[in-house]
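From first to last, the protein sequence lines stand for chains S and G.
According to my numbering, the first sequence holds residues 398 to 513 in order.
According to my numbering, the second sequence holds residues 398 to 513 in order.
Reviewing the structure listed below.
2 protein chains.
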Amino acid sequence: MGKDGYLGEFEMKVMMALIRLGSNAYGMTIRRDISERTGRDVSIGAIYATLDRMERKGYVSSHKGEATPERGHRAKRYFKIEAPGKRIYADSWNALDNMREGLDDGLVTTFEPVGV
Amino acid sequence: MGKDGYLGEFEMKVMMALIRLGSNAYGMTIRRDISERTGRDVSIGAIYATLDRMERKGYVSSHKGEATPERGHRAKRYFKIEAPGKRIYADSWNALDNMREGLDDGLVTTFEPVGV
DNA sequence: CCTCAAAATATACAATGTAGAAACTAGTAG
DNA sequence: CTACTAGTTTCTACATTGTATATTTTGAGG
Chain S
398 MGKDGYLGEF EMKVMMALIR LGSNAYGMTI RRDISERTGR DVSIGAIYAT LDRMERKGYV
458 SSHKGEATPE RGHRAKRYFK IEAPGKRIYA DSWNALDNMR EGLDDGLVTT FEPVGV
Chain G
398 MGKDGYLGEF EMKVMMALIR LGSNAYGMTI RRDISERTGR DVSIGAIYAT LDRMERKGYV
458 SSHKGEATPE RGHRAKRYFK IEAPGKRIYA DSWNALDNMR EGLDDGLVTT FEPVGV
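Structure, rendered in structure tokens:
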């Protein structure tokens with residue numbers, strides 16, 4: 398099982414954005430998804446640095462957008478999760494969920510929800 | 398709202414161990430809880446480094462065990478979460494849960510092609 | 001004294017988080 | 001032709017977290 402370590406907090410968020418966005422996952426949309434859902438802005442540089450590192454490890458792969466970029470813009474670079482990435486992502490959640498099991502979430506939700 | 402950032406992956410696990418252990422939370426028990434629940438060993442040094450950093454930030458506090466340590470052993474140092482720690486812990490989970498919302502967890506365990 | 005075991009402390013370094021600024025790519029205005 | 005614009009990626013530097021190993025503390029018992 399996951400002896401390769403765990404994904405970090407931000408890596409997890411990027412992975413979740415990838416899953417949600419599916420075939421429309423590229424730098425800007427990933428960034429937007431994370432900003433909207435967490436209520437906090439993150440720099441585009443942070444997104445790419447994380448994506449690049451995960452690609453080097455084989456957790457995700459990327460490919461440049463087809464021939465015709467909409468209108469003058471730079472070609473998009475689409476990302477998708479690869480098998481090793483899904484594995485470590487699942488392991489990471491399992492570890493977190495196991496730790497969380499049985500904990501009184503009252504402690505958590507007693508405080509105001511983030512964002513909103 | 399949590400404008401102070403989020404807890405990292407390991408910090409979250411330590412926090413959860415603290416919540417679970419309550420008044421019996423100290424280095425060795427925290428370590429054991431994390432090992433048992435995640436199935437992976439972590440060094441005691443990693444535990445303390447993290448605890449010390451969180452204490453510096455006011456997320457947790459510690460106090461030395463009472464006068465008589467069981468039998469010749471070094472006095473235990475008990476930890477507990479403080480208000481700022483509860484806040485950032487809650488915020489961290491909220492952000493993660495919000496990101497996770499609606500994601501097909503089947504994808505996580507079973508794995509299924511996304512797009513393309 | 002010396003050894004033993006539970007526990008904490010010190011320290012160093014690798015990995016991850018994160019921002020800021022530069023560069024790329026065409027349209028369009030002038 | 002040149003400049004301006006906007007969406008997008010790339011480069012790069014630095015701060016924060018993750019993590020291990022080695023050392024010290026403590027007191028009982030030989």
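The C-beta atom is built at its ideal place from N, Cα and C for all residues, glycine as well.
This one's a predicted model, so the numbers in the text were calculated from it and none came from an experiment.
For Lys477 of chain S, the number of other beta carbons within 10 angstroms of its own is at least 16, and it is reported as buried. Neighbourhood of Met413 of chain G in chain S, by CB distance below 7 Å: Met496, Arg497, Leu500, in chain order.
According to DSSP, Phe476 of chain S shares a beta bridge with S:Ser459. The alpha-carbon of Tyr456 of chain G is positioned some 33 Å away from that of Gly424 of chain S. Straight-line measurement puts the Cα of Pro481 of chain S at about 31 Å from the Cα of Ile485 of chain G. By the CB criterion at 7 Å, Lys461 of chain G and Ala443 of chain G fall outside the cutoff.
Tyr423 of chain G carries a strand assignment under DSSP once its states are collapsed to helix, strand and coil. The criterion of a C-beta distance shorter than 7 Å is not satisfied by Glu479 of chain G and Glu406 of chain S.
Residues of chain G with a Cβ closer than 7 Å to the Cβ of Tyr403 of chain S are, in chain order, Glu406. Look at Val439 of chain S here: in three-state DSSP terms it is coil, with no helix or strand label.
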